[in-house]
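S.K.: For reference, each letter of the sequence shown is one residue, going 174 to 579 in my numbering.
For every residue, glycine included, the Cβ atom is placed at its ideal position computed from N, Cα and C.
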Amino acid sequence: MRDAIQEFYDNRPYPRFDGDLPLAGVAARPKATAAIHHGFGGVVPKNDPVRVLIAGGGSGMGLCLLAKGFEELGVDARFTYLDISPESRKYAEARSEAAGIREIEFRTGDINALSPDTDGFFDFIDFTGVINHVADAQHAVNALAGVLTSDGSISCMAYGRTGRTGIYDFQELIFRLLGPHPDIGIARAVLKTLPTNNWLRKSPLYPHLVAADDVEFADALLNPRDRAFSTGELEDIFATAGLEWIGFTPPILYDPVAILKSGPAADAAAGLSSSDRRRVAELLIGDLNKHFLFARRSAPRNALETALQDPNSELFSSGTIILPDEMQTANDGKITISVKTRMDGRERTVGVKFTAAEAELIGKLREPVQVGRLRADIGPSEFEQAFERVYRFLTSLDMLHVVARR
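1. Starting from methionine 516, follow its DSSP beta bridges and name the residues at the other end.
2. Please give me, in chain order, every unbroken run of the beta strand (DSSP E) with length at least 3 that falls completely inside the stretch 353 to 427.
3. Does the beta-carbon of histidine 464 have 16 or more other beta-carbons within 10 angstroms, so that it is buried, or is it exposed?
4. Looking at glycine 212: is its Cβ nearer than 8 Å to the Cβ of alanine 271?
5. Going by alpha carbons, who is nearest to phenylalanine 297 out of His306, Gln311, Ile327?
6. Check each candidate in Thr522, Leu457, Tyr187 and name the one with the smallest Cα separation from lysine 263.
7. Rounding to the nearest angstrom, what Cα-Cα distance links aspartate 249 and leucine 238 in this structure?
8. Report all residues from its chain with a CB closer than 7 Å to the CB of histidine 312; omit the five preceding and five following residues, and keep chain order.
9. Please name the residue, chosen from Phe467, Pro429, Val576, Ser448, that lies closest to alanine 439 on a Cα-to-Cα basis.
10. Would the beta-carbon of asparagine 305 fall within 8 Å of that of aspartate 176?
11. Leaving aside the five residues before and after arginine 451 along the sequence, list all residues of the same chain whose C-beta is less than 7 Å from its C-beta, in chain order.
12. Does the distance from the CB of valine 223 to the CB of arginine 579 come in under 8 Å?
13. Is glutamate 266 closer than 8 Å to tyrosine 182 when the C-beta atoms are compared?
14. Between which two residues does the beta strand (DSSP E) harbouring alanine 272 extend?
15. Does the structure place the stretch 227 to 237 close enough to the stretch 509 to 517 that three or more beta carbon pairs sit under 8 Å?
16. Which one of Glu533, Val303, Leu445 has the shortest CA to CA distance from proline 497?
17. Is the distance from the Cβ of aspartate 149 to the Cβ of asparagine 462 below 8 Å?
18. List the DSSP bridge partners of aspartate 299.
19. Find the nearest neighbour of aspartate 290 within the set Pro424, Asp299, Phe566, Val320, judged by alpha-carbon distance.
20. Can you tell me which of Val383, Thr335, Glu408 puts its alpha carbon nearest to the alpha carbon of glutamate 455?
21. DSSP three-state call for valine 453: helix, strand or coil?
22. Buried or exposed: where does aspartate 356 fall if 16 or more other Cβ atoms within 10 Å of its Cβ makes it buried?
23. Around the Cβ of glycine 325, are there at least 16 other Cβ atoms within 10 angstroms (buried) or fewer (exposed)?
24. Answer with buried or exposed for serine 323, where buried requires no fewer than 16 other C-beta atoms within 10 angstroms of its C-beta.
25. Are the Cβ atoms of isoleucine 410 and valine 314 separated by less than 8 Å?
26. Which residue wins for smallest C-alpha separation from histidine 210, given the options Glu561, Lys375, Thr479?
27. So the alpha helix (DSSP H) isoleucine 340 belongs to, where does it begin and stop?
28. Give the range of the beta strand (DSSP E) segment to which isoleucine 277 is assigned.
29. Leaving out five residues before and five after serine 486 in sequence, what residues of the same chain have Cβ atoms less than 6 Å from its Cβ?
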């Protein structure tokens, strides 16, 4: 008998793939640089090739992005794809073929059956959007932790509890009204007729759900097994599996002091434990739909700081850095620069004032650049003055990644 989730994704492999755009126009490199920056402290793993497991790979979008990204970086990697749905696997094979990606081991099976005796160990595991649908989240993460190398890391995307307000009430409504296999057309009609005071109607997700294609709509609203998590619940699950916490990304969304800015409440937030700060930030924002996180077998200490000392380390920016037409300082001696990025699935624009030296440095980060070259281009003293604030700002938005080669 097929598992309910297997049956669901056999019928609706996700995300949609129609054959013409295997990467759907999405840039591949940021996913790979994020894996190295967060998962390995900015240093490419020493194993050659790097072994990567795509755990719950669906129709292969994440697989192709990560594989293409590593290829663009010149990192030799070998990928294993694993999913419970045979139909999803067929789509993943077709997508990877269309993207020109070779040397992938495709497997159909259950994450819980992973074993180092039969599967060996992996340097990196991508676990995107899967923890929401497994029968036992702790069991699944335990199984993944069991096949990580001693210095391996795992990335995970999980639904956020606060951002899913209204989703589960709507799911209950549809399943009670239409049964376990609801007609998508009728479910769409119900969604469009929700009264304005309904929680889902108030959600920032509502316009996206109304406009979603059938595959996206079903995945979001008709999934037979669907769970969301708070920050604390995720931290506990990964800690119980014996993994050290690296962090949620982008960090700014989990910093209550950045949200509260100043005053007694901000002071109180600054005094909380790191775990409580993250939870307070989640509650303050109130609508985080997805959590992106990294954890490791053994988190390296000060690894990013060490990587930044290497003049050959490369800096990769993502998102869009918008420089003014004329780099002129205002009366306060600052230049306003805007950045566009996606956080929690939504595009956001942030404008910040920088000194002339900081603005010059940011302008040079629009293309990949080595740390040593950047230092030489703007001058050692100017680099020392400007880099720390620029680096802190862009990494808080997850817009800048460090990649050092061994």
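M.R.: According to the structure shown:
1. Within the sequence shown, numbered from 1, the residue matching residue 516 stands at position 343. BP columns for methionine 516 point to Arg519.
2. 417 to 422
3. Stepping through the sequence shown from its first residue, residue 464 is reached at position 291. Buried, since its Cβ has 16 or more Cβ neighbours within 10 Å.
4. The residue labelled residue 212 in the question sits at position 39 within the sequence shown. The residue labelled residue 271 in the question sits at position 98 within the sequence shown. No; because the gap between Cβ atoms is not below 8 Å, this pair is not in contact.
5. Translated into positions along the sequence shown, residue 297 becomes position 124. Phenylalanine 297 has its Cα closest to that of Ile327, out of His306, Gln311, Ile327.
6. For the purposes of this step, residue 263 is identified with residue 90 of the sequence shown, where counting begins at 1. The shortest Cα separation from lysine 263 among Thr522, Leu457, Tyr187 belongs to Tyr187.
7. In the sequence shown, the residue the question calls residue 249 occupies position 76. In the sequence shown, the residue the question calls residue 238 occupies position 65. Roughly 15 Å between the two C-alpha positions.
8. To locate residue 312, count along the sequence shown from 1; it is residue 139. Excluding positions up to five away in sequence, the list reads Asn285.
9. By one-based count along the sequence shown, residue 439 stands at place 266. Here the closest residue by C-alpha is Pro429.
10. Position 132 of the sequence shown, counted from the start, is the residue given in the question as residue 305. Position 3 of the sequence shown, counted from the start, is the residue given in the question as residue 176. Cβ distance not < 8 Å, so asparagine 305 and aspartate 176 don't count as in contact.
11. Against the sequence shown, residue 451 aligns to sequence position 278. Closer than 7 Å at Cβ, skipping near neighbours: Thr404, Phe421, Tyr427.
12. On the sequence shown, residue 223 is found 50 positions in, with the first residue counted as 1. On the sequence shown, residue 579 is found 406 positions in, with the first residue counted as 1. Cβ atoms of valine 223 and arginine 579: not closer than 8 Å.
13. Taking the sequence shown and counting its residues from 1, the one referred to as residue 182 is at position 9. Taking the sequence shown and counting its residues from 1, the one referred to as residue 266 is at position 93. Contact flag unset, no.
14. In the sequence shown, the residue the question calls residue 272 occupies position 99. Looking at the DSSP string, alanine 272 is not in any beta strand (DSSP E), and its letter there is neither H nor E.
15. no
16. Residue 497 sits at position 324 when you count from the first residue of the sequence shown. The residue with the shortest Cα to Cα distance from proline 497 is Glu533.
17. The question about residue 149 has no answer, for the chain in this structure spans 174 to 579.
18. Within the sequence shown, residue 299 is the residue found at index 126, counting from 1. Looking at the DSSP assignment, aspartate 299 forms a beta bridge with Ile227, Ser328.
19. Within the sequence shown, residue 290 is the residue found at index 117, counting from 1. Ranking Pro424, Asp299, Phe566, Val320 by Cα distance to aspartate 290 puts Val320 first.
20. To locate residue 455, count along the sequence shown from 1; it is residue 282. The residue with the shortest Cα to Cα distance from glutamate 455 is Thr335.
21. Here residue 453 is taken as the residue at index 280 of the sequence shown, counted from 1. Helix, per DSSP.
22. Taking the sequence shown and counting its residues from 1, one reaches residue 356 at position 183. Exposed, by the Cβ-count rule.
23. For this step, residue 325 is matched to residue 152 along the sequence shown. It counts as buried.
24. Start at 1 with the first residue of the sequence shown, and residue 323 comes out as number 150. Exposed, by the Cβ-count rule.
25. Here residue 410 refers to the residue found at position 237 of the sequence shown. Here residue 314 refers to the residue found at position 141 of the sequence shown. Taking 8 Å as the Cβ cut-off, isoleucine 410 and valine 314 qualify as a contacting pair.
26. Within the sequence shown, residue 210 is the residue found at index 37, counting from 1. Checked all of Glu561, Lys375, Thr479; the closest Cα to histidine 210 is Thr479.
27. If you number the sequence shown from 1, residue 340 lands on position 167. Unbroken alpha helix (DSSP H) run through isoleucine 340: 340 to 351.
28. The residue you call residue 277 lines up with position 104 of the sequence shown. From DSSP, the beta strand (DSSP E) with isoleucine 277 extends over 277 to 281.
29. On the sequence shown, residue 486 is found 313 positions in, with the first residue counted as 1. Cβ within range, chain order: Ala480, Val544, Val575, Ala577.
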